[in-house]
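From first to last, the protein sequence lines stand for chains A and B. Note that numbering that gives the first Met the number 0 has the first sequence beginning at 0, numbered continuously upward. Note that numbering that gives the first Met the number 0 has the second sequence beginning at 0, numbered continuously upward. See below for the structure under consideration.
There are 2 protein chains.
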Amino acid sequence: MDQIDAKIITLLQQNARISISQIGRLINMTQPAVGERVRKLEDRGIIKGYQVVLDPEKLGKQIMAYILIQTENCGNLVEFCNQSPEVIEAHQLSGQFNFIIKVMTESMQTLNSFLHTCSKYGFTTTMTVLSSPTDTKALPIEITESN
Amino acid sequence: MDQIDAKIITLLQQNARISISQIGRLINMTQPAVGERVRKLEDRGIIKGYQVVLDPEKLGKQIMAYILIQTENCGNLVEFCNQSPEVIEAHQLSGQFNFIIKVMTESMQTLNSFLHTCSKYGFTTTMTVLSSPTDTKALPIEITESN
DNA sequence: CCTGAAAATAGAACCGC
DNA sequence: GCGGTTCTATTTTCAGG
């Protein structure tokens, strides 16, 4: 992981479908050299994959909410989250509420029915999102010799 | 937005760097047809972009945390979030805590100094993430005539 | 939405540092 | 190990139907 890798990742963060040749042009390096660096970043697991960023509202997902859960059975809850398409993220927490999940639903009604099911796993507190000033922002990259 | 668009998006969700020709092969459609569908999805804003998914830990970001904030000046806080590389997401909420932000830092120490700055904008509650059973999961896609 | 040709791109083999 | 050159296969783009 050096400055060149950092530049490559920065360009891929801006547009993950940029061509390898185009990256090469922008950082003054030949296409095969860039290609092999990208392959190595993938092999080392620094690049985990490439995702398309969709507009949730244009796909009918109007409601975003965070649900805090106080559960005693994390395993069951994790399984439930994996099976539920509404769940976009799930994180285990330290503290009184030991779980937070991020959900997206079509309407308040579907959110409500989801919450009903969710409450089987523990006490819940729901916070609905009014607006998202920043979402899916890029990770800052530091250059370290180790990685 | 029809079933074909849904299939294309599903394939792009799995790997946003898949070639257009490969998508065509998988859904039995010629490459130019797929290419134009993708272009239209981009033009309509359904596809907002393509992101590389990085491993935060391998980039030195060991700590993930959610911070709930009770602020009276959303504008300043939003500006602060935009300027802070630690902030990955920021959402305005309904309820007592009117803001939630997701941050990633190198260490507890950097998280702590970030929290110190953050507290200037209002009362905060921090929840550190122990593990993430699911992160950056794909949005489910519904086929509607309108979009 | 398909076909077909030209341009651009990706991947592999090989060379030199 | 790392990058450059060259060659080949694949992909993209753009014409026309």
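Positions of the beta carbon are idealized from the N, C-alpha and C atoms, including for glycine.
Query	Result
Could you tell me whether any Cβ in chain B is nearer than 8 Å to the Cβ of C80 of chain A?	yes
For E85 of chain A, does the three-state DSSP call read helix, strand or coil?	coil
What is the DSSP secondary structure of L138 of chain A, reduced to helix, strand or coil?	coil
Using the C-alpha atoms, what's the distance from V52 of chain B back to K47 of chain A?	5 Å
Looking at E88 of chain B: is its Cβ nearer than 8 Å to the Cβ of D54 of chain A?	no
I100 of chain B and I68 of chain B - do their beta-carbons sit closer together than 8 Å?	yes
Given a cut-off of 8 Å, decide if T123 of chain A and I66 of chain A are closer than it, judged by their beta-carbon atoms.	yes
Among residues of its own chain, excluding the 5 on either side of N27 of chain B, which ones have a beta-carbon nearer than 8 Å to its beta-carbon?	none
Quick check on N97 of chain B: buried or exposed, where buried means 16 or more other Cβ atoms within 10 Å of its Cβ?	buried
Considering Cα atoms alone, identify which of A:E141, A:S131, A:L110 and A:P84 is closest to G74 of chain B.	A:S131
Starting from Y49 of chain B, follow its DSSP beta bridges and name the residues at the other end.	A:V51
L92 of chain A: which of A:E141, A:A15 and A:T70 sits nearest, CA to CA?	A:T70
On the three-state DSSP scale, how would you describe T104 of chain A?	strand
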